[in-house]
Amino acid sequence: MTARRCSLVIAMVAAACGGDDAEPSLPEVTDTLAYVDPRIGTGGLGFAHGSSFVGAAVPHGLAKVGPDTSGPFGTVNFLHYSGYWAGDDKIRGFSQVHLHGAGATDYGVLSVMPAIAFDPAKTTVVGYESRFAKAAELAAAGRYEVTLANGIAVALTATPRVAVHRYTGAGAIVIDLAKTLESGEIDAASITVDAAARELVGQLHHNGGMTRGFGGYTVYFVARARTPWTAHVVWSAGSAPSVATTASGTGVGAAIVVDGPVELAIGLSLVSLDGARANLDAEVPVLDFETVATRAREAWADKLDRVRLTGGTEAQRRTFYTSLYHAFLMPSVIDDADGTYVLAGQPPAVATGWHQQSDLSLWDTYRTVHPLYAWLAPESARDAARSLVAFGEGLGIYPKWPLAIGETGVMLGASAEIAIADAVLRGVPGVEAERAWPGRRAAAMDATAPAAGRGGRDRVESYMQYGYVPVTEGRSVSTTTEYAHDDFALAQLAGALGHTTDRDALLARSKSWRKLFDPAVGFLRGRKADGTFPTTTFDPLEMGSDYAEANAWHSLWMTSSHDAEGLAELLGSTEAAIAKLEMFFTLAKHDWDTADESAANFPRPYYWHGNEPDLNAVFVFAQLGRPDLTHEWVRWIEDTMYSDQPEGLAGNDDGGTLGAWYVLATLGVYPIPGSDRWILGAPRFPQARITIGGRELTIVADGLSDRAIYVRAVELDGVAVAGPELTHAQLAGASTLRFVMATSP
């Protein structure tokens, strides 16, 4: 399909959806939190499940307290990575810690559940789980409420390290230290009941689906009730409930009998019992549910109020602010209120002037979340990047997917380098990246460096020898292209730190991915160590061993963010590269329009927004000189891959990655990760007022309408912008970014 014909088709679709009508002229948002619906992304099946967390949390909170559910598919892993699925009708308990958007299971421990009365059956999930109706739920930023089928009213809220519960209509509260999500195991736990102090104190050791790889982690807790209880029991595996004050081992739990409404605050720590108590005392010195809920709302407003939209539809606003909300659920703080933290196998350390974080799905988040932080929340960018430096120093390895106190080793590439470089290049203070440089340089450029310290660069010897990872080592294309982007980002960091010789060497090597281009097939594919390509039949749609969660079509655009010129050269010309990229999206739209509805549950053969490798592809048009095609296809993605419904995400949100993509795309910019560069797109809202640290930037889309989706000109503080990019300093330092919109390119 020619570019002009594609433009005509999309214009016709826009006309059918509203003609020349302007975008709805809703006034500027005054209550950003009113547009947050945490249940967006909780539906879908298979690869189309957003895996969104539902419950109460504050930005970057360790405490993410919410329901773990089950239903027609039981508790099957792929629908319950975050504990909750939209199609379920039972609640199995309210756990204190959860992931958001992950594609693997972990956390979901320390379950609390109310009951009308206690009996021995309530020592297991089967005995205490309850049905509920979606109509009986309220999910909001920092607050969750539900009325169970037995009539008990539940309300949850949180601080960074404390989960706060309120139950009305319950006769007993069960604390189950044995319950986990699927793939998890509690191998040791203990609890002590102190009725005089109105406290339940304990700990549990959890080997989760990912954390078992480094030996698991311990959750320490102090649960404090606002009012006394009338009786209690404890139990463990093989031991019936009794009025003893302690229980330990496996299958551990306790229940308190209550008379009237109950408020319970649970201080959490990954460091110690003393830390859990100190966190509780510091963050909830006086237990009052509504006071804590108000503070949680204020914490979310502090982040979300930084962007105030004008115009758009109600649904678009819900999608936008929920996406922004999702982007701040992870990473999570793992330090105590006094800054003390521990990493696996290491003595306690103290974070001063920053917060130690974990739960970073880096292979995903480096693409959108970290640049978003650097722009809208530099304090979040600082904490994430500085935490990666601490992981590198503490564990001797820069992590790929740190979770709780350790490194899971999940996914590939040295994505921590990109996240750190991105923060530094975008001017985030306090990263202390110079501390990371010697180790990262050795991992990237010294084949004799200890393999244990390489992190995601575990195949660097082959990469250094051949310029690519040979096909015999598996995931050849994906590993090579990730290393290439790692090299690009590390080169930018080297330059920022004054290491110009290393910068030049890394920048040159960042283009070595080109060696995997096979002109005979027109794609990147695995290459043998002797330089030849396999003679086997090549299928660009095959999710084969050369690729990680991708095929040849997805992987072709991976390195184009930092080497679009190289891609054009390999494909024969800039025009040829544009034509192939346009074919990629045209085929994707045809597949989307014609495939069976169930196809959404599986990997998409062409553009796959539900996964990460090609998230940047739509902005490559702009880099190659066709921003109009970026404008067209970005709008198609926004309209088809997002909504304000439970099925409103195209795949796992992966720690806010898809949410951050939507926020950035609808504001009209997209990052080149690991650099100081932003690619210009097309805003979706007539105006966005962004306030950060006392500075205000207004993004204006003059003339925006359903058909006026193309950008004719861009002005920054009244000066015309030539080219498809801005630097971060330009974006962050401006007062007005104006896009002049038109109905044709």
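Using our numbering, read the sequence shown as starting at 526 and increasing by one per residue. Think of the CB as a built atom: it goes at the ideal place given N, C-alpha and C, for glycine as much as any other residue. In this text, all values refer to a predicted model and were calculated from it rather than measured experimentally.
In the structure shown, Met1108 falls within a helical segment according to DSSP collapsed to helix, strand and coil. Taking every protein chain shown into account, the CB of Asn675 has fewer than 16 other CB atoms within 10 angstroms, so this residue is exposed.
Nearest to Tyr692 by alpha-carbon distance, out of Asp1242, Glu1240 and Arg751, is Arg751. Spanning the alpha carbons of Glu1067 and Phe1058 requires a straight line of approximately 16 Å. Under the three-state reduction of DSSP, Tyr560 is assigned to helix.
Taking the C-beta atoms as reference points, Leu1251 is found no nearer than 8 Å to Trp1186. Sixteen is the threshold: since fewer than 16 other Cβ atoms of the shown chains lie within 10 Å of the Cβ of Gln990, the residue is exposed. Here the stretch 1088-1106 does not lie against the stretch 1127-1139, with fewer than 3 beta-carbon pairs under 8 Å apart.
Between Trp754 and Val726, the C-beta spacing is not below 8 Å.
Inter-residue distance for Phe657 and Arg564 is about 15 Å (C-alpha atoms, whole angstroms). If one requires a minimum length of 4 residues, the alpha helix (DSSP H) runs lying completely within the stretch 1022-1064 are 1025-1034, in chain order. Residue state for Tyr846 is assigned as helix, using DSSP reduced to three classes. Here Phe657 carries a strand assignment [DSSP, helix/strand/coil]. DSSP places Leu1095 in the helix class (H, G or I) of the three-state scheme. Rounded to the nearest whole angstrom, the C-alpha separation of Ala756 and Leu795 is 29 Å. Distance from the Cα of Trp825 is smallest, within the candidate group Ala1045, Asp1043 and Val561, for Val561. Residue environment analysis places Gly964 among the buried positions, since at least 16 neighbouring C-beta atoms fall within 10 angstroms of its C-beta.
For the pair Ala840 and Ser1168, the CB atoms are nearer than the 8 Å cut-off.
Within the DSSP secondary-structure output, Arg833 pairs in a beta bridge with Arg1214. Counted as a single uninterrupted DSSP element, the stretch harbouring Asn1141 is not any beta strand (DSSP E), since DSSP gives it neither H nor E. The shortest C-alpha to C-alpha distance from Gly837 to any of Gly1218, Arg1220 and Arg1209 is the one to Arg1209. Unbroken beta strand (DSSP E) stretches of 3 residues or longer found wholly inside the stretch 1145-1201: 1194-1196, given in chain order. Taking 8 Å as the cut-off, the beta carbon of Leu950 is found closer than this to the beta carbon of Ala1021.
The alpha carbon of Asp712 has as its nearest neighbour, out of Ala666, Val679, Thr1191 and Gly776, the alpha carbon of Gly776. Secondary structure of Phe1013 (DSSP, three-state): helix.
Excluding five sequence positions before and after Ile1162, the CB atoms of its chain that fall closer than 7 Å to its own CB belong to His1134 and Val1143, given in chain order. Contact between the stretch 996-1010 and the stretch 1027-1042 is present: three or more C-beta pairs spanning the two stretches fall below 8 Å. The straight-line gap separating the alpha-carbon atoms of Leu1174 and Val759 is approximately 42 Å.
For Tyr988, no beta strand (DSSP E) segment is defined; the enclosing uninterrupted segment is the alpha helix (DSSP H) at Val985 to Tyr991. Contiguous alpha helix (DSSP H) elements confined to the stretch 620-658 occur at 650-653, taking only those with 4 or more residues. Taking 8 Å as the upper bound for CB-CB distance, Arg1237 and Val1265 are in contact here, some 5 Å apart.
Gln1255: member of the alpha helix (DSSP H) spanning His1253 to Gly1258, first to last residue. Scanning its chain for C-beta atoms nearer than 7 Å, with the 5 sequence neighbours on each side dropped, one finds around Gly980 the residues Ile922, Tyr923, Pro924, Lys925, Ala939, Ala941 and Ala968, in chain order. In its chain, beyond the 5 residues on either side, Ala862 have a beta carbon closer than 6 Å to the beta carbon of Ala807. By the neighbour-count definition (other C-beta atoms within 10 Å, threshold 16), Glu1122 is an exposed residue. Of the candidates Arg749, Phe746, Ala779 and Ala748, Ala779 places its Cα closest to the Cα of Ala762.
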